[in-house]
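Undergrad:
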Amino acid sequence: MKTSPVSLRELLLVILYSSAATIFTTINFFSQLLNIPPGRTFIGMTHYWIDFYYYLDQFWQGAHNSFSVINKFTPEYYPPMFGYVNHLVLGKIGSLLGLETFATYNLSLILLKFLFFFLSYFFLRQVFEKNIQLRITALCLFVFATSYPLVREDELGTFFEPIRLFRAKNTISTRFGTIPQHVVTDILSLVTLWLMFDFLKKARTKIAFAYNNLTEIINNLKKNFLTLFSLSFTLTLLTLSDPAKSVTRIIPFAIAVMAGSYKRNVKFDLVSRGLILLIVFLPSVFLALLLKEQLSQQPLIQQANLWDIENHKRQVYSLLHNLPYLFMSVGPILIPLLFLFGYVKKIFSRGEFFFLFLVLLTSVLGFVLPIWTIAPIPGFRFLSGISYLILAIFGAYGTYKIKQLLRLNTVFIPLLIFVSLSLLTFIPSLVNRLQPPLEPDFTLTYPTNDTYRGLKILEKLPSEKSIVLSSPYSYYYLMIPGLTGKVSFYAHFLLTKDFYQKEAKALRFFYQWGDAKLGSDFLHNNNIEYVVYAREKRDIKKTYPFLRVIFEGEKIGIYRVD
């Protein structure tokens with residue numbers, strides 16, 4: 007039975023749901039937008055301030071016709087990277103529309119989130135094509151799933167707050183992405199999951215995996231070429247975005263294809279099934295090996311990756327020694343899963359649902375097992391918003407079972423209880439995200455107009471490879487690559503070689519040295535062409551007469567080194 011056509015009313019409701027979900031999960035951006043202080047330029051920042059400007063630089067490079075990413079947060083040269091192609095493409099699209107990099111960044115995040123929510127509904131429509139109650143139940147579980155609240159008491163009173171795991175996307179405010187790259191990855195994860203689910207579903211009636219001779223095998227592959235090509239293409243794009251997410255598709259799909267028996271009286275044919283997997287997986291495996299080789303040439307990316315692994319490792323050890331806290335962090339969505347009895351046979355006897363279970367299992371095992379001892383991958387990369395989507399699908403069956411046990415006419419009451427428990431966590435989080443940003447977020451979200459004007463003047467000066475030194479207390483060192491395209495002498499503690507030594511040298515140059523020759527030798531020895539100063543403590547032109555004024559505003563001075 008085919009899914010019924012989408013009515014106009016249903017389409018409008020889905021658009022309304024997607025819009026509301028996008029707004030509420032990006033509420034801090036809209037709050038910032040509506041409260042721009044006078045005399046400030048709005049950049050917009052929805053996540054950790056250091057990482058925001060690192061990703062913004064990738065948008066700048068894409069807008070200016072780069073096809074690969076160069077690390078401009080350190081003056082040393084490293085080979086270009088291809089891991090952030092999503093940001094390069096989005097940056098280029100924004101430039102064609104005449105948008106600034108930060109406008110492209112924020113607008114793309116909002117539009118991508120909307121698309122993700124929109125597609126998530128239609129995937130659930132495919133899964134529950136005959137039962138709208140199960141579909142709506144799964145949708146509610148997916149959108150509202152969050153951790154149980156932690157109760158915190160201080161001198162101001164009693165507060166509820168979510169349990170935040172390190173990059174595990176276990177709360178409403180973190181699960182749906184704050185970075186365009188992550189949302190693109192979630193969309194690709196969803197599309198890949200959808201294609202594989204649909205392939206396995208159709209295999210029960212339309213696709214045979216066994217044939218008597220090579221001719222029949224080839225004819226079958228030709229007949230299903232479009233489906234297999236689509237799977238291979240989206241899986242390759244997913245690998246380019248995040249190879250760990252591909253693992254959570256490749257292993258489950260391979261098991262489901264090889265273990266499934268979809269047609270009666272047809273013998274198991276290792277050759278035909280193997281060819282299907284080869285066609286689907288070969289480009290992704292080749293790309294993953296290429297990315298691994300590229301990573302070996304990026305010591306700073308490896309350094310950042312090891313930092314992620316160490317933080318994830320400490321979290322996993324802590325969670326495994328405190329299992330109640332682990333289950334609390336997943337939240338109320340685990341309750342309906344306890345009532346799946348009666349549906350277990352249905353789940354494991356149908357290839358597409360068995361595949362969903364394996365995807366979830368692979369994601370969870372990737373998170374808790376010490377994968378980092380085999381491959382340099384932090385376990386949180388195996389989890390995504392799609393993990394909760396699968397939990398919601400199985401949770402919908404569990405909620406339906408609760409309805410039957412309580413002899414209710416609808417699932418409204420169980421869903422109301424679930425949403426109420428989730429709102430205990432979500433509402434305090436929402437209120438917190440509506441608060442004005444504090445430093446350094448405030449300055450990096452709302453630079454002064456003259457600061458922004460000065461940096462845009464610096465952007466027009468030659469060349470993109472120019473190295474810029476900026477004063478440590480101003481945070482200009484983070485803003486320079488993403489707003490000017492120039493290279494920062496130091497910027498990110500993980501992505502700048504010898505960050506703390508360079509920061510210490512910058513402190514001495516701006517605030518301690520009084521010898522012009524000492525300052526000049528430092529700048530020329532490090533090939534620094536421009537100096538950006540916050541004009542906060544002294545007039546450095548008097549100390550360093552070789553600096554030529556390019557721009558001076560109330561909060562910023564930009565100088566060329568003679």
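This note's numbering puts the first residue of the sequence shown at 7, with every later residue one more than the last. Glycine included, C-beta positions come from ideal geometry on N, C-alpha and C.
Just to confirm, is the Cβ distance from F123 to Y452 under 8 Å?
TA: Cβ distance not < 8 Å, so F123 and Y452 don't count as in contact.
Undergrad: Once DSSP output is grouped into helix, strand and coil, what is the label at F499?
TA: Coil at F499, not helix or strand.
Undergrad: Should the segment 142 to 154 be called in touch with the segment 44 to 60, which here means at least 3 C-beta pairs below 8 Å?
TA: Too few Cβ pairs lie closer than 8 Å, so no.
Undergrad: Do the CB positions of S290 and I256 come within less than 8 Å of each other?
TA: Yes, these two residues count as a Cβ contact at 8 Å.
Undergrad: If you count every other CB in all the chains shown that lies within 10 Å of the CB of A27, and 16 or more means buried, which is it?
TA: So A27 counts as buried.
Undergrad: For E159, which residues does DSSP report across the bridge?
TA: Its beta-bridge partners are T164.
Undergrad: Per DSSP, I564 forms a beta bridge with which residues?
TA: I564 pairs with V538 and F557.
Undergrad: Quick one: Cα of Q38 to Cα of R279, how far?
TA: Cα to Cα, the separation comes out at about 53 Å.
Undergrad: Whole angstroms is fine: what's the gap from Y59's alpha carbon to M485's?
TA: Approximately 6 Å, taken between the alpha carbons.
Undergrad: My guess is that S247 and T191 are in contact by the Cβ rule of under 8 Å, so how many angstroms apart are they, rounded?
TA: Contact holds; Cβ gap of about 4 Å.
Undergrad: Considering only their Cβ atoms, is the gap separating F373 from F386 smaller than 8 Å?
TA: Yes, the pair counts as a contact, with Cβ atoms nearer than the cut-off.
Undergrad: Does the segment 432 to 445 come into contact with the segment 161 to 179, if we say contact requires no fewer than three beta-carbon pairs (one atom in each stretch) closer than 8 Å?
TA: At 8 Å Cβ cutoff, the stretches touch.
Undergrad: In chain order, what are the residue ranges of uninterrupted beta strand (DSSP E) at least 3 long that sit wholly in the segment 466 to 513?
TA: For the segment 466 to 513, whole beta strand (DSSP E) runs of length 3 or above, ordered along the chain, are 473 to 476.
Undergrad: Kindly indicate which three-state DSSP category R170 falls into: helix, strand or coil?
TA: If DSSP states are grouped into helix, strand and coil, R170 belongs with coil.
Undergrad: Just to confirm before moving on: does the CB-CB distance between K511 and T80 stay below 8 Å?
TA: Taking 8 Å as the Cβ cut-off, K511 and T80 do not qualify as a contacting pair.
Undergrad: Would you check if the segment 472 to 479 and the segment 506 to 521 touch, i.e. whether three or more CB-CB distances between them fall below 8 Å?
TA: As far as the Cβ criterion goes, the segment 506 to 521 touches the segment 472 to 479, which means the pair count is three or higher.
Undergrad: Which one of L140, F166, L440 and G68 has the shortest CA to CA distance from N41?
TA: Checking every option, the nearest Cα to that of N41 belongs to L440.
Undergrad: Which residues in the same chain have their Cβ closer than 7 Å to the Cβ of F333, if we skip the five residues on either side of it in sequence?
TA: Only L340 meet the Cβ criterion.
Undergrad: Restricting to runs no shorter than 4 residues, where is the alpha helix (DSSP H) found entirely within the segment 350 to 433?
TA: Runs of the alpha helix (DSSP H) inside the segment 350 to 433: 350 to 355, 357 to 374 and 391 to 411.
Undergrad: Taking only the alpha-carbon atoms, compute the straight-line gap between L4 and Q300 and give it to the nearest angstrom.
TA: This structure cannot speak to residue 4, because the chain is shown only from 7 to 568.
Undergrad: Where do the ends of the alpha helix (DSSP H) carrying T240 lie?
TA: First-last of the alpha helix (DSSP H) with T240: F231 to S247.
Undergrad: Decide yes or no for the touch test of the segment 491 to 502 against the segment 462 to 473: beta carbon pairs closer than 8 Å, at least 3 of them.
TA: Flag = yes, the segment 491 to 502 and the segment 462 to 473 touch.
Undergrad: Roughly how many angstroms separate the alpha carbons of F557 and I564, rounded to a whole number?
TA: Each residue's alpha carbon lies about 5 Å from the other.
Undergrad: In angstroms, rounded to a whole number, what distance separates the CA positions of G337 and H318?
TA: Spanning the two alpha carbons is a distance of roughly 20 Å.
Undergrad: Nearest to F347 by CA position, among T405, V286 and N230, is which residue?
TA: It is T405.
Undergrad: Have a look at L364 and M264 and give me their C-alpha separation to the nearest angstrom.
TA: Answer to the nearest angstrom: the Cα atoms are 13 Å apart.
Undergrad: Closest to A250 by CA distance: which of S390, I473, H93 and L430 is it?
TA: Cα-wise, what sits closest to A250 is S390.
Undergrad: Going by DSSP, name the residue or residues bridged to T254.
TA: None; T254 has no bridge partner.
Undergrad: Roughly how many angstroms separate the alpha carbons of S25 and S335, rounded to a whole number?
TA: So the alpha carbons of these two residues sit roughly 27 Å apart.
Undergrad: Assign I562 to one of two classes, buried (16 or more other C-beta atoms within 10 Å of its C-beta) or exposed (fewer than that).
TA: Flag for I562 reads buried.
Undergrad: Which of the three DSSP states, helix, strand or coil, is assigned to M87?
TA: In this structure, M87 counts as strand in the three-state DSSP scheme.
Undergrad: If contacts are defined as beta-carbon pairs under 8 Å, then L375 and I396 qualify, I think. What distance do you get, rounded to the angstrom?
TA: Not quite, the Cβ-Cβ distance comes to about 19 Å (not below 8 Å), so this is no contact.
Undergrad: List the DSSP bridge partners of T454.
TA: Answer is R46, bridged to T454.
Undergrad: Give the single residue among L18, F88, R173 and H70 whose Cα lies nearest to the Cα of L127.
TA: The residue you asked about is not Leu; residue 127 is Tyr in the sequence shown. Closest option to Y127, Cα to Cα, is L18.
Undergrad: Could you give the residue range of the alpha helix (DSSP H) that holds E106?
TA: It is not in any alpha helix (DSSP H) - E106 carries neither H nor E in the DSSP assignment.
Undergrad: With the cut-off set at 8 Å, would you say L500 and M51 are in Cβ contact?
TA: Taking 8 Å as the Cβ cut-off, L500 and M51 do not qualify as a contacting pair.
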